[in-house]
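A.B. asks: Protein chains in written order, with full-length UniProt numbering: chain D, 1 to 220; chain R, 1 to 273; chain F, 1 to 244; chain U, 1 to 429; chain H, 1 to 281.
Beta carbons are placed, not taken as given, at the ideal position from N, Cα and C, and that holds for glycine.
These numbers were taken from a predicted model, which means no experiment stands behind them.
This structure is in structure tokens; I'll ask about it shortly.
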Amino acid sequence: MMEVCGSSNVTLREFGCEQSLLSRPDGSASFIQGDTSVMAGVYGPAEVKVSKEIYDRATLEVLIQPKVGLPSVRERSQEQCVRETCEASLLLSLHPRSSLTLILQVLHDDGSLLSCFLNAACMALMDAGLPMSCLFCGVTCAIDADGQIITDPTAAQEKQSRALMTFAIDSTEHRVMMSSTKGSFSVYELQQCIAVSQKASEKIFQFYRDSVRRRYSKTL
Amino acid sequence: MPTDTKRVRGPEVSKSPSLYLSKPPVVLPSHGPRADGRQRDQVDVRPVFVRCGLVSQAKGSAYIEAGNTKLMCCVYGPRETERKDETDMKCGRLTTDMRFAPFSCPERGSWIQGAQEKDLSLMLHESLQPAVCLHKYPRSQIEVNVMVLENSGSVLAHAITCASLALADAGIEMYDLVLGCSIQQDGASYVVDPSYMEESCSSVSSENQGCLTVAFLPSLNQISGLQSDGEMTEKTLTAGVRTCIEGCYKLYPVIQQALASAVRKAAPPPSES
Amino acid sequence: MFSTLKEKVGEVLLPGDEFSFDTDDTISLTEHVKPEKVVCGPGLRRSGDRLVVCKSGVLRHKQPNLFWIESQQRRYVPAKGETIIGIVTIKSGDVFKVDFGGSEQASLSYLAFEGATKRNRPNVQVGDLVFAQFAIANKDMEPELVCIDSSGRANGMGVFGGGGLLFKVSLGLVRRLLTPHSEIRSDLDQLFPCELVVGMNGRVWVKSSSIQQSLIITNLLQSSDTMTASQRQQLFQRVKQGPL
Amino acid sequence: MKDTPLCNCERDFLLKAIEEKKRLDGRQTYDYRKIKITFGTDYGCCFVDLGKTRVMAQVSCELVAPKDNRPNEGIMFFNVELSPMASPAFEQGRQSELSVKLNRQLERCLRNSKCIDTESLCVVSGEKVWQIRVDVHMLNHDGNLMDAVSIAAITALCHFRRPDVGIQGDEVTVYSPEERDPIPLSIYHMPISVSFSFFQEGTYLLVDPCEREERVMDGLLMIAMNKHREICSIQSSGGIMLLKEQVMRCSKIASVKVSEITELINKALENDKKARKAGGRCGFAESMPQERITALKKDKTAVEMTDVSERANEIVQKAEALPQTVPSPVVPVPGVGQVGQGPQNTWGLDEEEDEEDSDEEQEEQVTKMEEEHSENKEESRGGEVVEISDSEEEEVVILHPEKPDRTPKNTGSTSHQKVAASSKKRTKK
Amino acid sequence: VHPPCFVQPRTAEPLEYHRSFLKENCRSDGRELSEFRATTLNIGSISTADGSALVKVGNTTVICGIKAELTNTTVETPGKGYIVPNVDLPPLCSSRFRPGPPGEQAQAASQFIADVIESSEVIQTEDLCIERGKLCWVLYCDIMCLDYDGNVLDACIIALLAALKNTKLPEVIINTETSTPEVNLEKKQSLHIHKHPVGASFCVFDDSILIVDPTSEEESLSTAQLTVVTDEEGQLCSLHKPGGTSLPGEKLQECISRATTRQREIQKLVDKVINSVKTAQ
């Protein structure tokens, strides 16, 4: 059990991001983790429908578009996870009675999709310039049949895993904002995965900083 | 490819095991005593269990159980209408929604509201509306939601009773309670408060056959709703209505009692919470 | 905190980055007669005893103590006193509704024009452009525009737009265009003579002697958001020499 | 959400520019914007950039039962999704006029033109055929969605590979790509849509209108054609009157454009094939424009694992010890149980009473029984309805008609009818 | 527990009202922070269903009815049957739900229940296969909320577990001559329940205070919600926190400990109620 660490599986695949790649949305980003990639677009703060208006904060809607077919119950559950994570980091009370719409389009799913959704969402929200109290990132961990932890698993690794966990980690205190799991696992395994995700999040936050720095490099 | 994307989906088609029974189901005899021991051709309604104010979130609620027929009703409102047109300015709006739980009938039902449910909702609406003092609630709507948990016959009749009880529990002003009762006519004989089996297994050949549901205001002695299916002679129909009214009067004291005890319970001001 | 903030000026900051008030702040209280106050512009917020960044971008500073985050945001959020380009969408009774790209439409009274009276209504049609200033702009109220300054003069505001082209650029670029000695503007001046109206809401209207020239200016401005000064000057030079 | 309104001066300017044969992005009248075709990692996934307009197509397949009237043919299904990402005016889950129009036109262009050999998609006649599904997602709307959609859809179909199947008796086996190479679809020809927009009642014409040009146009003519100059569909909309010559001229232009685009598609397919053969990585990750300053990529990185397990251990060990015992549930009657002493619910307001004076309750039941019997007698005589309960506190109200064979057990079950939806059923067995 | 002497008006300042109780380490309904409401279970009340259970957690009431139907197996999974769980939050149960197709919360709950079934393997879909490659059972587990006063997920899991334990499937034999199935209603068998997953839900108040089994009012005022599902072996089947304010690992550990105790409590309840029916027969 203790040898879990230090294995070569505890890596993040190559990852990348492009911001502001679409002309229509107020903010957009595509995020790539290995072959998994997601495109995100944000509109808002914009006019809100009367039925969805909230008097003291902005209404955030998250729509996940699968690649094939129409969104189903699974997407709805993922939307809930992404939405509530965004809601916790956005300062929604600064734009009462307005709407924010975040659309996430799956471009390719090769594992760790939910974490890719979160990362793309965060970059797109940042691109849109919406006020946020902190940033967040997603990390997926899988536990394979031998109890080894695999971070950022591919679809094949996910399929063979015994348990799969995705966490959203915040940038200020590196705590768990969102957790979504599949399969059964022990408490110790859970705590290990959380600790690993916290470590991995540092890499992703550094990447966020690097890419925003690069982006503003010409206007410094 | 229209599919229900808002629910967990199962296989495209599945069939009830009752279609493949090794032994054919027993057919109910059309004469003699009824399967549950009640009498034919008599105003023999099933024992009912009634209770008010079960649902904490609703303004008013009621639960009714008659034999195996179990249903509950919640009333929300009066609240501001969503749709605003001329008529609502002076008079309130009553909306009714009646649904069957998917597991409530011998055959599994769909989650999506079917024509039968819409039809029953409408019938329920028509039966209740005359009894509610809607002019007292201008610009507002009162929502009546009925859920059938188990269907063992005469659902509409019991839904009417249950809904009027829930309305009363919600403190909505009404002229009178509305009670429902139904009969199943089968040739010369009839059964009161038919069970699901009795409703569905009537013999095909004989004439003068049908189902009748009456909504009745007991203290005003008026009928607010009447629905009949099938073919009945005028004489049978009038006799049937009379039987139903008699059935309603049998229910009346029970309903009154339930309501009275709910009121009594609510009478002492609730402490803290 | 003042000094730590100053150190970071010109650096890229991300939401969640913090500056705490304590440490040198207490010292400054004793040493200076007046405590240093920091005025937070867009992208900076006070949260308890800390100053928190809430937008990604470059930290900018203006004497004496104004700090803000410059970003390449596209969606406009109204602020009182800012001038914008709006499109009239509805004429209803005494007010016009104006779309300015924000979360709701602003209202503009027909009396808020120079010389307008109840008898003498300004000639404004649906679809017209107005250059106007926010008289009311806060998160809890409907924004309200006026086309007169405090002394009742138009001061350049009002209906405009015949023959020109309207286009959108990032809010950051607009701010760069509007700085007193804007490099982009002076680069542009060397190219063609043109009329330029710049709204803080990211809308720019341009009119030049020919349609061709208006189109060139539009495309140049839209692409200068992601260019360094030298890249931009090279491009402008090329356009100037190019066979037009 | 509403789209930004178009102001009058913009409209006037655009129309004037068109009169002067000038376009917003400096194109000529018959020019297409830059077309970029890229492929995803999967087979059958294609991205098309038409200037700033961007769409994605994904082809998928499934074994289904064929349609009754065509037992030997596979099924083609097209779905154009106007994702709200592409424009604030698009709403999710709502069939807008535009989406219907695009779906129809794509079907006309690709299904009705019989460009795909549907008979080759039959696996077992009358039982199993392949259904080929084409999903086209709009990602960014900057005009001329139709042309982008048609290019993306046909390219994705050309790129797609379906799994091989084997038939032994009536068993159908679907082979994974590792077992047997997947098979491309057999495509006869490639219809491509070319859109023309008309201004000033058809006086002026533009190829490949951008979004702002579309907003001021009077009418639209869409011609779907293949490189053999066979017209697969013509559709005009907007209610403009066109002369025969205009249509002829458009079809001539279309034939030139179609052959250019077809060549581009073939080249893109060729390049992708080479890249896949060479074993290089392909797909979206590779197509990311790294030279842009808005983009950044980071290589595979290891996560530091120092003190991860220590930390996990620490948290687990610090946790409170679990209590040894848990409270025992109360089961007042068979089929009903309760645990916990928290606040009671409105459903069982008197359950607390039940527990406290359960003895009393028993007695009450007995008395009730007796009453019932006596009432039964009464009822058989008078046939009247009597409520059983005379106790003020008693909540259960039972209308009890004649039922002479009632057993005490039966009454037992009625007592817990307080818990709504009781377990009466059991007692009936 | 005595409420604090100074109580904020509940309707005007609900958040302040609840805070004033939490300051004293108790809740507005008199519960302690880690105390569940009384949980009542009633099984087999719906005779038209193959298995059913009614669960009340405080006022929250949930009913689960299971109907079994026959269907063909698929080419991809020839040895497996189906479990199709759906959660409905009808307008009947609370004024916050509108009529029409299920909203986001109901859909997310359905997916959550489906995930719990899959993760915990409460039932293995292999058990539902009647003849490999031909015929299998599909269990429609329809869960309906009748009174929404918070914490429906916990109630749904209990209702599902109890209903599954209450379910009996008739014997099915495939007639070799006609190759049609024959159902014998006289011979019924209970399902094989492999695991007993039980959930415990928590709310986070003011980013730090954890309370268990929230009411609907507490839910709407909280800044985050989470549900922990454990089985009898102490394994976690789900740690579902769909967002909200962040929590450190230590706090999550507290929740897991509470959930483990709850699992034992509820399993005992379910077993006892199931047994009471068996002995009564």
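On a CA-only basis, which of S224/F, S208/F, T89/F, E70/F is nearest F100/F? Give me that one, please.
C.D. replies: Counted from its first residue, the third sequence places residue 100/F at position 100. If we check each option's Cα against that of F100/F, T89/F comes out closest.
A.B. asks: Please list, in chain order, the residues of the region 127-152 of chain F that have any C-beta partner in chain D closer than 7 angstroms.
C.D. replies: For the region 127-152 of chain F, which is checked against every Cβ of chain D, the residues closer than 7 angstroms are K139, D140.
A.B. asks: Under the three-state reduction of DSSP, which class applies to D68/U: helix, strand or coil?
C.D. replies: Position 68 of the fourth sequence, counted from the first residue, corresponds to residue 68/U. Residue state, collapsed to three classes: coil.
A.B. asks: Does Y76/F come out as helix, strand or coil in the three-state DSSP assignment?
C.D. replies: In the third sequence, the residue the question calls residue 76/F occupies position 76. Y76/F: coil per DSSP, three-state reduction.
A.B. asks: Quick one: what does DSSP say D271/H is sitting in, helix, strand or coil?
C.D. replies: Indexing the fifth sequence from 1 puts residue 271/H at position 271. Three-state DSSP puts D271/H in a helix.
A.B. asks: Rounding to the nearest angstrom, what Cα-Cα distance links R51/R and T48/H in this structure?
C.D. replies: What you label residue 51/R is simply residue 51 of the second sequence in a count that begins at 1. What you label residue 48/H is simply residue 48 of the fifth sequence in a count that begins at 1. Using only the alpha carbons, I get a separation of about 22 angstroms.
A.B. asks: Do the region 157-167 of chain R and the region 63-82 of chain R touch if we need at least three Cβ pairs shorter than 8 angstroms?
C.D. replies: In short, these stretches touch, since the Cβ pair count reaches three.
A.B. asks: So is D359/U buried or exposed if we call it buried at 16+ other beta carbons inside 10 Å?
C.D. replies: Mapped onto the fourth sequence, residue 359/U falls at position 359. With a pLDDT of only 37 at D359/U, under the threshold of 50, the placement of this residue in the model should not be trusted; the figure read from the coordinates follows. It counts as exposed.
A.B. asks: Any beta carbon from chain U within less than 8 angstroms of L63/D's own beta carbon?
C.D. replies: The count along the first sequence starts at 1 and reaches residue 63/D at position 63. Closer than 8 angstroms: yes.
A.B. asks: Tell me whether the region 166-183 of chain U and the region 77-97 of chain U touch, counting them as touching only if at least three CB pairs, one residue from each stretch, are closer than 8 angstroms.
C.D. replies: Output reads no: the region 77-97 of chain U does not touch the region 166-183 of chain U.
A.B. asks: With 8 angstroms set as the bound, which would you pick, yes or no: does the beta-carbon of K278/H sit closer than that to a beta-carbon of chain D?
C.D. replies: Position 278 of the fifth sequence, counted from the first residue, corresponds to residue 278/H. It does not: the Cβ of K278/H has no partner Cβ on chain D nearer than 8 angstroms.
A.B. asks: Any Cβ of chain F within less than 8 angstroms of the Cβ of T219/D?
C.D. replies: On the first sequence, residue 219/D is found 219 positions in, with the first residue counted as 1. Closer than 8 angstroms: yes.
A.B. asks: Would you call the region 231-240 of chain U and the region 190-207 of chain U touching, i.e. three or more CB-CB distances under 8 angstroms?
C.D. replies: The region 231-240 of chain U, when compared against the region 190-207 of chain U, does touch it at the 8 angstroms Cβ threshold.
A.B. asks: For a contact meaning CB atoms closer than 9 angstroms, what does S110/R contact in chain H?
C.D. replies: Taking the second sequence and counting its residues from 1, the one referred to as residue 110/R is at position 110. Result: empty, since nearest Cβ-Cβ is about 10 angstroms, beyond 9 angstroms.
A.B. asks: Please state whether DSSP places E81/U in a helix, a strand or coil.
C.D. replies: To locate residue 81/U, count along the fourth sequence from 1; it is residue 81. Residue state, collapsed to three classes: strand.
A.B. asks: So the alpha helix (DSSP H) D272/U belongs to, where does it begin and stop?
C.D. replies: Position 272 of the fourth sequence, counted from the first residue, corresponds to residue 272/U. Per DSSP, D272/U belongs to the alpha helix (DSSP H) from 244-277.
A.B. asks: Name, please, each residue of chain R whose Cβ falls closer than 7 angstroms to the Cβ of T71/D.
C.D. replies: Stepping through the first sequence from its first residue, residue 71/D is reached at position 71. Here residue 71/D is Pro; the residue named in the question, Thr, does not match the sequence. Ordered by position in chain R, the residues that pass the 7 angstroms Cβ test against P71/D are T5.
A.B. asks: If we define contact as Cβ-Cβ less than 8 angstroms, is K195/H a contact residue for chain U?
C.D. replies: Here the question's residue 195/H lines up with position 195 in the fifth sequence. It does not: the Cβ of K195/H has no partner Cβ on chain U nearer than 8 angstroms.
A.B. asks: Please tell me whether D176/R and S228/R are closer than 8 angstroms, where the distance is taken between their beta carbons.
C.D. replies: Here residue 176/R is taken as the residue at index 176 of the second sequence, counted from 1. Here residue 228/R is taken as the residue at index 228 of the second sequence, counted from 1. No, Cβ-Cβ distance for D176/R and S228/R is not below 8 angstroms.
A.B. asks: Quick check: the Cα distance between residue 294/R and G100/H, rounded to an integer number of angstroms?
C.D. replies: Beyond the ends of chain R as shown, which are 1 and 273, falls residue 294/R; an answer cannot be given.
A.B. asks: Going by C-alpha distance, which of N140/U, I154/U, V124/U is nearest R108/U?
C.D. replies: One-based indexing of the fourth sequence puts residue 108/U at position 108. Among N140/U, I154/U, V124/U, the Cα nearest to that of R108/U belongs to I154/U.
A.B. asks: Given G244/H, which residues of its chain have a CB within under 7 angstroms of its CB, disregarding the five upstream and five downstream residues?
C.D. replies: Locating residue 244/H in the fifth sequence gives position 244, where the first residue counts as 1. Result list for G244/H: V204, T223, A224, Q225, in chain order.
A.B. asks: Starting from the beta carbon of L139/U, find every residue of chain D whose beta carbon is closer than 7 angstroms, and list them in chain order.
C.D. replies: Position 139 of the fourth sequence, counted from the first residue, corresponds to residue 139/U. Chain D residues near L139/U: L22, M39, Q105.
A.B. asks: With 16 other CB atoms within 10 Å as the buried threshold, where does N26/U fall?
C.D. replies: Numbered from its first residue, the fourth sequence carries residue 26/U at position 26. Residue 26/U is actually Gly in this sequence, not Asn. Per the 10 Å Cβ criterion, exposed.
A.B. asks: With a threshold of 8 angstroms between beta carbons, is T236/R in contact with chain D?
C.D. replies: Translated into positions along the second sequence, residue 236/R becomes position 236. No, T236/R does not count as interfacial toward chain D.
A.B. asks: Run through the region 84-138 of chain U for me and flag every whole beta strand (DSSP E) of 3 or more residues, listed as ranges in chain order.
C.D. replies: Counting whole runs of 3 or more residues, the region 84-138 of chain U contains the beta strand (DSSP E) stretches 122-124.
A.B. asks: Would D187/F count as contacting chain U if we go by Cβ distances under 8 angstroms?
C.D. replies: As a position in the third sequence, residue 187/F is number 187, starting the count at 1. False, the Cβ-Cβ gap to chain U never drops below 8 angstroms.
A.B. asks: For a test of the three-state rule: what should DSSP assign to R264/R, helix, strand or coil?
C.D. replies: Here residue 264/R is taken as the residue at index 264 of the second sequence, counted from 1. DSSP places R264/R in helix when its eight states are reduced to three.
A.B. asks: State the Cα-Cα distance for the pair D56/D and R97/D, rounded to the nearest angstrom.
C.D. replies: Within the first sequence, numbered from 1, the residue matching residue 56/D stands at position 56. Within the first sequence, numbered from 1, the residue matching residue 97/D stands at position 97. In a straight line, the C-alpha of D56/D is about 7 angstroms away from that of R97/D.
A.B. asks: To the nearest angstrom, how far is the alpha carbon of residue 467/U from that of A229/F?
C.D. replies: The structure shown does not extend to residue 467/U, since chain U spans only 1 to 429, so no value can be given for it.
A.B. asks: Whose C-alpha, out of A57/U, M76/U, E127/U, is nearest the C-alpha of V106/D?
C.D. replies: One-based indexing of the first sequence puts residue 106/D at position 106. Here the closest residue by C-alpha is A57/U.
A.B. asks: Can you give me the start and stop residues for the beta strand (DSSP E) that A215/R sits inside?
C.D. replies: Here residue 215/R corresponds to residue number 215 of the second sequence, with the count starting at 1. Start and end: 209-217.
A.B. asks: What first and last residue would you give for the alpha helix (DSSP H) that runs through T29/U?
C.D. replies: Mapped onto the fourth sequence, residue 29/U falls at position 29. Here T29/U belongs to no alpha helix (DSSP H), and DSSP marks it neither H nor E.
A.B. asks: Could you check if C133/R is buried or exposed, using at least 16 other CB atoms within 10 Å of its CB as the buried criterion?
C.D. replies: Walking along the second sequence from the start, residue 133/R turns up at place 133. Result: exposed.
A.B. asks: Run through DSSP, which three-state label would F113/F get?
C.D. replies: Counting from 1 along the third sequence, the entry for residue 113/F is found at position 113. F113/F: coil per DSSP, three-state reduction.
A.B. asks: Against chain F, with Cβ distances strictly below 8 angstroms, would H174/D count as a contact?
C.D. replies: Taking the first residue of the first sequence as 1, we reach residue 174/D at position 174. Chain F, which has no Cβ nearer than 8 angstroms to the Cβ of H174/D, makes this no.
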